[in-house]
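K.L.:
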Amino acid sequence: MITGEDNRERPRKIVHVDMDAFYASVEQRDNPELRGLPVAVGSPAARGVVAAASYEARRFGVHSAMPSMTAQRKCPDLIFVKPRFDVYKAVSLQIRTIFAEYTPMIEPLSLDEAYLDVTENLKGMEIATEIAEEIRARIKAATGLTASAGISYNKFLAKMASDQNKPDGQFVITPKNGPAFVERLPIKKFHGVGPATAEKMHRLGIETGADLKEKTLDFLVEHFGKSGPYFYGIARGIDDRQVKPDRVRKSVGAEDTFAEDIHSYEPAREGLQSLIEKVWGYCEANEIGAKTVTLKVKYADFTQITRSKTVPTTLTAIADLEEVVDLLLVPLFPPRKGIRLLGVSLSSLERRRSETTPQLRLAL
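Sequential numbering of the sequence shown, starting at 247, is according to our numbering.
Here is the structure:
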């Protein structure tokens with residue numbers, strides 16, 4: 247057995263597998279009439295948000311989390327398809343089964359992506375790039391869908407690598423070229439650096455990984471608090487986070503800062519939809535339900551409030567989550583001042599059990 251000390255001396259082999267335009271690709275697979283056409287999964291309604299966009303739609307600038315009305319302006323021929331989360335979950339479980347043939351060290355991020363630690367794998371394969379190639383081929387054979395992969399010695403770089411050769415490709419970042427790769431990377435492309443943080447970094451003169459690397463640890467802690475040490479490490483290609491299988495977090499959340507302050511309900515609800523889908527995707531991928539929903543609101547003057555609701559039984563469907571979010575959001579309007587940030591988080595998380603949720607078995 248390899249000790250923790252030996253693991254630090256020996257570079258880990260981490261694979262990040264990311265399905266290509268997952269929801270949209272499933273819809274095109276199941277409906278041949280949609281193939282080759284610009285497809286958006288979501289609602290075309292005024293407050294709708296694009297959950298996923300096909301590569302044909304992306305050529306027009308359509309992307310996930312974009313308001314549906316904006317997407318329609320960019321691509322007048324865009325075809326909207328209602329999400330089928332039960333189908334996406336069933337496909338995700340097929341993919342997870344393939345992962346499990348190679349390693350038990352699987353950390354899902356959502357229905358369509360996961361980290362795999364293949365340093366020691368069940369196939370006894372030495373080369374991580376070959377493992378990634380084999381997994382991608384198995385996924386395509388089993389589901390008819392393509393996946394991209396990033397291979398590296400830590401989670402941050404594996405995640406960054408998986409975006410390099412999309413769709414249906416893979417990319418490796420070795421310990422030798424990791425630091426140089428990070429130095430060239432625009433800060434807005436860093437995983438873990440959201441729009442608001444990127445904007446703050448730009449104001450501080452940080453445009454690339456090289457700029458970030460020049461900042462001292464004290465400087466980064468002063469300006470970014472507990473995230474400072476993480477930013478200091480990844481600027482040097484260092485990320486010691488382990489792949490954690492079957493973990494149940496205490497909470498899961500997402501938030502977004504808007505380019506312009508919001509003053510009315512419709513754009514606020516529109517902005518929340520992508521956050522709802524993000525946190526629910528994590529719950530679905532990890533077989534988790536939640537009882538407590540918290541809405542976070544930060545106003546233009548940076549004052550902040552939260553509103554929470556705990557339900558009697560565990561939420562097991564995205565529609566239930568949307569209903570609770572609406573209950574929390576509606577009383578806040580009209581606001582006395584503009585809203586600059588909204589966030590949704592779930593807590594009181596519980597692992598779902600098949601005997602209490604038979605509908606999940608039907609989805610298989």
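Built from N, CA and C at the ideal position, the CB exists for glycine as well.
Treat the numbers as computed from the prediction; the structure is a model and nothing was measured.
When you compare the CB positions of K537 and T556, do they come within less than 7 Å of one another, or not?
P.N.:
Mapped onto the sequence shown, residue 537 falls at position 291. Mapped onto the sequence shown, residue 556 falls at position 310. Yes; because the gap between Cβ atoms is below 7 Å, this pair is in contact.
K.L.:
Going by the beta-carbon positions, is the gap between E353 and D264 smaller than 7 Å?
P.N.:
Indexing the sequence shown from 1 puts residue 353 at position 107. Indexing the sequence shown from 1 puts residue 264 at position 18. No, Cβ-Cβ distance for E353 and D264 is not below 7 Å.
K.L.:
Exposed or buried, which one is H204 when buried takes at least 16 other CB atoms within 10 Å?
P.N.:
This structure leaves residue 204 out entirely; the chain is present only between 247 and 610.
K.L.:
What separation, rounded to the nearest whole angstrom, lies between the Cα atoms of M447 and I433?
P.N.:
Locating residue 447 in the sequence shown gives position 201, counting from the first residue. Locating residue 433 in the sequence shown gives position 187, counting from the first residue. Their Cα atoms are separated by approximately 8 Å.
K.L.:
Return the chain-ordered list of same chain residues with a C-beta closer than 6 Å to the C-beta of M351, the five sequence neighbours on each side being excluded.
P.N.:
What you label residue 351 is simply residue 105 of the sequence shown in a count that begins at 1. Hits under 6 Å: D363, V489 and P491.
K.L.:
Can you tell me the Cα-Cα spacing of K412 and P322, whole angstroms?
P.N.:
By one-based count along the sequence shown, residue 412 stands at place 166. By one-based count along the sequence shown, residue 322 stands at place 76. Rounded to the nearest angstrom, the two C-alpha atoms are 25 Å apart.
K.L.:
How would you label V439, buried or exposed, when you count the other beta carbons within 10 angstroms and need 16 or more for buried?
P.N.:
Numbered from its first residue, the sequence shown carries residue 439 at position 193. Answer is buried; the Cβ neighbour count reaches 16.
K.L.:
Use the C-beta contact count for N423: other C-beta atoms within 10 angstroms, 16 or more gives buried, fewer gives exposed.
P.N.:
Sequence index remark: in the sequence shown, residue 423 carries index 177 (1-based). The residue is exposed, with fewer than 16 neighbouring Cβ atoms inside 10 Å.
K.L.:
Going along the chain, which unbroken runs of the beta strand (DSSP E) with 3 or more residues stay wholly within the stretch 473 to 558?
P.N.:
The stretch 473 to 558 contains these whole beta strand (DSSP E) runs: 497 to 508 and 534 to 545.
K.L.:
For a test of the three-state rule: what should DSSP assign to P322, helix, strand or coil?
P.N.:
Translated into positions along the sequence shown, residue 322 becomes position 76. Coil at P322, not helix or strand.
K.L.:
Any beta carbon from chain C within less than 7 Å of P278's own beta carbon?
P.N.:
Going by chain labels, chain C is absent from the structure shown, which holds only one protein chain.
K.L.:
Residues in its own chain within less than 7 Å of A388 by CB, not counting five upstream and five downstream?
P.N.:
Taking the first residue of the sequence shown as 1, we reach residue 388 at position 142. Only Q340 and I344 meet the Cβ criterion.
K.L.:
Where do the N-terminal and C-terminal ends of the beta strand (DSSP E) with S593 fall, by residue?
P.N.:
Along the sequence shown, read from residue 1 onward, the residue named residue 593 stands at position 347. Where S593 is concerned, the enclosing beta strand (DSSP E) stretches over I585 to R597.
K.L.:
If you count every other CB in all the chains shown that lies within 10 Å of the CB of L466, and 16 or more means buried, which is it?
P.N.:
Taking the first residue of the sequence shown as position 1, residue 466 is located at position 220. That one is buried.
K.L.:
In terms of alpha-carbon separation, which member of R305, Y348 and A456 lies closest to A426?
P.N.:
The count along the sequence shown starts at 1 and reaches residue 426 at position 180. It is A456.
K.L.:
How is the alpha helix (DSSP H) around V364 delimited, first residue to last?
P.N.:
Within the sequence shown, the letter at position 118 stands for residue 364. Looking at the DSSP string, V364 is not in any alpha helix (DSSP H), and its letter there is neither H nor E.
K.L.:
Could you tell me the distance, in whole angstroms, from the CA atom of N532 to the CA atom of R342?
P.N.:
Position 286 of the sequence shown, counted from the start, is the residue given in the question as residue 532. Position 96 of the sequence shown, counted from the start, is the residue given in the question as residue 342. Their backbone Cα atoms lie some 11 Å apart in a straight line.
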